[in-house]
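Peer 1: Chains as they are written, first to last, in this note's numbering: chain A, 2 to 292; chain B, 4 to 314.
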Amino acid sequence: MWSLIQIELYKIFRRPRTYIAFGAVAVLIVVIQFGLKIDGDTYAGFLMKDINDTLTVDGKVLNGYLICYILLQLLLVHVPLLVALIAADMISGEANLGTLRLLFSSPYSRTHWVLAKFIAASMYTILLLIWLAFLALFVSMWIFGTDDLFLMKSNYVVLIEQSDVLWRYVGAFVFASFSLLTVTSLGFLMSSLSSNSIGPIVGTMSAIVFFTILSTLNIPLFNVVKPYLFTTHMNNWKEFFDIKVNLDNEAIRGSILNIPKIKTSIIVLTLHIILFVTASVIIIKKKDILS
Amino acid sequence: MFGVFCYKHSMAVIKVENISKNFGALKAVDDLSFEVEAGQVFGFLGQNGSGKSTTIRMLLSLIHPSSGNIELFGKSIQKNRASILEKVGAIIERPDLYPYLSATEHLQLFAKVRKQKVAAISITKTLEQVGLSNRSQDKVQTFSLGMKQRLGIAIALVHNPSLIILDEPTNGLDPQGIADIRALIQHLAKEEGKTVFVSSHLLSEIEQVAHQILIIHQGKKMVEGVTKELLDPEKRIVQIKTMDDVKALSIIVAGGFSQYLLSRKEGIFLKLPTSAISMLNESLVQSGIAVLGIETKNSLEDYFLQITSNA
Numbered sequence: 002m003w004s005l006i007q008i009e010l011y012k013i014f015r016r017p018r019t020y021i022a023f024g025a026v027a028v029l030i031v032v033i034q035f036g037l038k039i040d041g042d043t044y045a046g047f048l049m050k051d052i053n054d055t056l057t058v059d060g061k062v063l064n065g066y067l068i069c070y071i072l073l074q075l076l077l078v079h080v081p082l083l084v085a086l087i088a089a090d091m092i093s094g095e096a097n098l099g100t101l102r103l104l105f106s107s108p109y110s111r112t113h114w115v116l117a118k119f120i121a122a123s124m125y126t127i128l129l130l131i132w133l134a135f136l137a138l139f140v141s142m143w144i145f146g147t148d149d150l151f152l153m154k155s156n157y158v159v160l161i162e163q164s165d166v167l168w169r170y171v172g173a174f175v176f177a178s179f180s181l182l183t184v185t186s187l188g189f190l191m192s193s194l195s196s197n198s199i200g201p202i203v204g205t206m207s208a209i210v211f212f213t214i215l216s217t218l219n220i221p222l223f224n225v226v227k228p229y230l231f232t233t234h235m236n237n238w239k240e241f242f243d244i245k246v247n248l249d250n251e252a253i254r255g256s257i258l259n260i261p262k263i264k265t266s267i268i269v270l271t272l273h274i275i276l277f278v279t280a281s282v283i284i285i286k287k288k289d290i291l292s
Numbered sequence: 004m005f006g007v008f009c010y011k012h013s014m015a016v017i018k019v020e021n022i023s024k025n026f027g028a029l030k031a032v033d034d035l036s037f038e039v040e041a042g043q044v045f046g047f048l049g050q051n052g053s054g055k056s057t058t059i060r061m062l063l064s065l066i067h068p069s070s071g072n073i074e075l076f077g078k079s080i081q082k083n084r085a086s087i088l089e090k091v092g093a094i095i096e097r098p099d100l101y102p103y104l105s106a107t108e109h110l111q112l113f114a115k116v117r118k119q120k121v122a123a124i125s126i127t128k129t130l131e132q133v134g135l136s137n138r139s140q141d142k143v144q145t146f147s148l149g150m151k152q153r154l155g156i157a158i159a160l161v162h163n164p165s166l167i168i169l170d171e172p173t174n175g176l177d178p179q180g181i182a183d184i185r186a187l188i189q190h191l192a193k194e195e196g197k198t199v200f201v202s203s204h205l206l207s208e209i210e211q212v213a214h215q216i217l218i219i220h221q222g223k224k225m226v227e228g229v230t231k232e233l234l235d236p237e238k239r240i241v242q243i244k245t246m247d248d249v250k251a252l253s254i255i256v257a258g259g260f261s262q263y264l265l266s267r268k269e270g271i272f273l274k275l276p277t278s279a280i281s282m283l284n285e286s287l288v289q290s291g292i293a294v295l296g297i298e299t300k301n302s303l304e305d306y307f308l309q310i311t312s313n314a
């Protein structure tokens with residue numbers, strides 16, 4: 002199995018298209034960091050305008066931790082689309098190229114191939130996430146420095162001590178890996194249904210957009226299905242930045258407000274991954290390879 | 004004849020029994036049976052769309068047969084897929100490869116895919132065999148169709164398989180390339196003792212290398228026989244046209260002419276000595292069969308063209 006994973010990783014990283022996502026993430030992050038470095042104070046002033054009269058904030062609001070939070074909010078919506086570029090091409094791309102028949106007429110079973118391809122695509126996804134984490138968190142910390150993390154929620158503010166922030170980002174990135182692996186597995190399922198690359202890529206992106214809209218619309222009819230949609234749970238990495246308070250309304254260090262919500266989301270996302278990959282294996286095993 | 008005698012007594016590397024494949028209403032392969040003996044070059048002939056590639060894909064377990072059994076090396080392909088496919092090398096239809104990898108990288112990758120550790124010297128030798136040693140480090144995106152075809156054959160050979168399945172291996176090759184591949188096929192069978200199953204839509208390509216030929220048309224077997232016998236100039240291919248083909252066939256069988264029967268699916272075709280033509284006619288007429296015509300074909304090529312142009 003490891004041999005097949007090596008083969009798949011070799012193919013992924015020899016393909017020029019692979020690096021588009023890494024380049025796109027780098028460009029986006031650098032552009033945002035540059036903008037905030039040049040005109041960050043205006044941006045921070047805009048963020049704080051509603052509370053400036055009632056609250057005085059000492060220290061550096063626009064620090065590396067806040068920049069990372071802003072970047073994740075922006076990018077974790079778009080990165081799934083970049084992940085889909087590779088994941089949705091893993092099987093259909095080979096079918097389109099005509100190489101799938103060479104792989105599937107090898108001594109390895111189709112189940113082995115599908116699992117190896119999924120694991121390789123997942124490793125790519127995790128690497129992309131690590132790249133994003135490195136640029137968004139560590140480069141931002143280097144450029145903007147560190148301080149307490151000050152977050153504006155819809156009707157309250159959260160202040161997390163700087164020594165209590167880093168582990169939350171580790172948790173958020175681990176959670177984000179489940180979100181992105183769900184997208185990888187969805188792209189993979191789409192890929193198993195087609196013999197051309199474009200259809201599964203567009204299909205995966207469309208499915209993400211469609212379910213995201215269902216997840217955000219506040220219509221009673223859709224509220225029934227919302228808890229079961231992966232898109233409802235994908236953005237719950239933010240829960241790591243909601244902190245418990247004591248009776249004096251002081252933040253409790255090292256606490257998370259809603260751990261069950263995070264657990265539920267991880268379970269739902271994991272079930273989606275298992276469902277999508279299992280469906281892919283069944284489809285591929287039954288499929289006649291005509292391409 | 005000695006060669007034919009040998010094949011009859013050696014093991015069947017491929018044994019296909021009554022396989023059919025339906026795609027919805029389309030019957031791509033219809034009740035096809037044949038055997039390929041070890042060390043043989045087996046020519047699998049048919050027009051484009053006749054069911055050749057579907058059959059080959061079933062041999063390689065890429066397509067699941069609707070019915071029938073396939074055995075390779077004496078074992079069912081469905082039950083012993085992994086151990087069988089380790090010993091098989093194949094190219095199927097057009098030679099599509101990874102454009103961003105070089106010829107050497109392709110061979111390294113596909114040796115691994117076939118669970119084999121292949122030394123660098125073997126890769127160089129395989130590339131030399133197909134005439135690609137001077138382009139070994141070039142990316143495939145710079146290759147012509149003929150070069151891709153050569154590389155496809157190298158991929159089929161790199162892990163030193165016992166059975167080589169080549170689907171239209173000379174597509175896109177120039178005349179020199181075709182001659183090279185023909186020589187390679189002969190070398191593989193004669194010098195290395197490999198079994199080669201080669202498909203083509205051109206009889207002229209197959210007749211020079213194949214010990215045995217099978218012609219398939221619309222998914223059905225039309226003719227199968229030893230190439231030398233099928234191409235024997237002493238025998239003529241004859242099409243008998245009668246008012247009652249069913250009765251005529253029973254007379255042919257009863258009269259001892261069944262050994263000459265080539266096909267009964269697209270008309271009654273026999274390959275028989277010239278002297279036997281009048282005897283056959285006589286026995287049909289004496290049995291009360293209205294013979295509408297006896298048409299002789301000059302060659303197997305004529306016959307092949309006729310049955311395949313009836314589509």
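Note that beta-carbon positions come from the ideal geometry of N, C-alpha and C, so glycine has one too.
1. Using the DSSP secondary-structure output, state which residues sit across from L166(B) in a beta bridge.
2. Apart from the five residues just before and just after R254(A), which ones in its own chain have a Cβ nearer than 6 Å to its Cβ?
3. Would the region 78-97 of chain B count as touching the region 33-50 of chain B if we require 3 or more Cβ pairs under 8 Å?
4. According to DSSP, is K264(A) part of a helix, a strand, or is it coil?
5. In this structure, does DSSP put I218(B) in helix, strand or coil?
6. Have a look at Q140(B) and L176(B) and give me their C-alpha separation to the nearest angstrom.
7. Only counting the same chain, and skipping five residues up and downstream in sequence, which positions put a Cβ closer than 8 Å to that of D42(A)?
8. What residues from the region 93-125 of chain B come within 9 Å of chain A, judged by C-beta to C-beta, listed N to C?
9. Between which two residues does the beta strand (DSSP E) harbouring E38(B) extend?
10. Does E40(B) get closer than 7 Å to chain A when you measure Cβ to Cβ?
11. By the 10 Å Cβ neighbour count, where 16 or more other Cβ atoms means buried, how is M61(B) classified, buried or exposed?
12. So for G71(B), helix, strand or coil by DSSP?
13. Alpha carbon to alpha carbon, what distance is there between A208(A) and I214(A)?
14. Residues in the region 62-79 of chain B with C-beta within 8 Å of chain A's C-beta atoms, listed in sequence order?
15. For the beta strand (DSSP E) that contains L295(B), what are its first and last residues?
16. Which term fits A22(A), buried or exposed, when burial requires 16 or more other beta carbons within 10 angstroms of its beta carbon?
17. Could you give the DSSP three-state label for F176(A): helix, strand or coil?
18. Based on DSSP bridge pairs, tell me the residues matched to E20(B).
19. Contact defined as beta carbons within less than 8 Å: I believe S292(A) pairs with G99(A). What is the distance between those atoms, to the nearest angstrom?
20. Could you pull out every residue in the same chain whose Cβ sits closer than 8 Å to the Cβ of K197(B), ignoring the five residues on either side in sequence?
21. Buried or exposed: where does A293(B) fall if 16 or more other Cβ atoms within 10 Å of its Cβ makes it buried?
22. In terms of alpha-carbon separation, which member of I218(B), E285(B), G296(B) lies closest to Y306(B)?
23. Taking one C-beta from the region 126-138 of chain A and one from the region 174-189 of chain A each time, how about it: are there three or more such pairs within less than 8 Å?
24. Are any of the Cβ atoms in chain B nearer than 7 Å to that of D289(A)?
25. Hey, V2(B) and I188(B): beta-carbon distance below 7 Å or not?
26. Work out the CA separation of D149(A) and S281(A) for me, nearest whole Å.
27. According to DSSP, which residues form a beta bridge with N25(B)?
28. How many Å lie between K288(A) and I66(B) at the Cα?
29. Quick one: which chain B residues come within Cβ less than 7 Å of T100(A)?
30. Roughly how many angstroms lie between the CA atoms of L295(B) and H214(B), to the nearest whole one?
31. Under 7 Å, Cβ to Cβ, is there at least one residue of chain A near E171(B)?
32. Are the CB atoms of F223(A) and L270(A) nearer to each other than 7 Å?
33. Could you give the uninterrupted runs of the alpha helix (DSSP H) lying entirely in the region 101-157 of chain B, keeping only those of 4 residues or more?
34. List, in chain order, every chain B residue whose beta-carbon is nearer than 7 Å to that of F105(A).
35. Excluding sequence positions up to five away, which residues of its chain have a Cβ less than 6 Å from the Cβ of E162(A)?
36. Give the DSSP bridge partners of Q242(B), in chain order.
Peer 2: On the basis of the supplied data:
1. V91(B), T198(B)
2. D165
3. no
4. helix
5. strand
6. 21 Å
7. L63
8. A93, I94, I95, E96, R97, P98, D99, L100, Y101, P102, Y103, L104, E108, L112, F113, K115, V116, R117, K118
9. 29-40
10. no
11. buried
12. strand
13. 10 Å
14. L63, S64, L65, I66, H67
15. 294-300
16. buried
17. helix
18. N72(B)
19. 6 Å
20. G42, P164, S165, L166, I167, L191
21. exposed
22. I218(B)
23. yes
24. yes
25. As shown, chain B starts at 4 and ends at 314. That puts residue 2(B) outside it, with no answer to give.
26. 45 Å
27. K30(B)
28. 8 Å
29. D99, L100, Y101
30. 35 Å
31. no
32. no
33. 106-116, 123-132
34. L65
35. D149
36. F272(B), E298(B)
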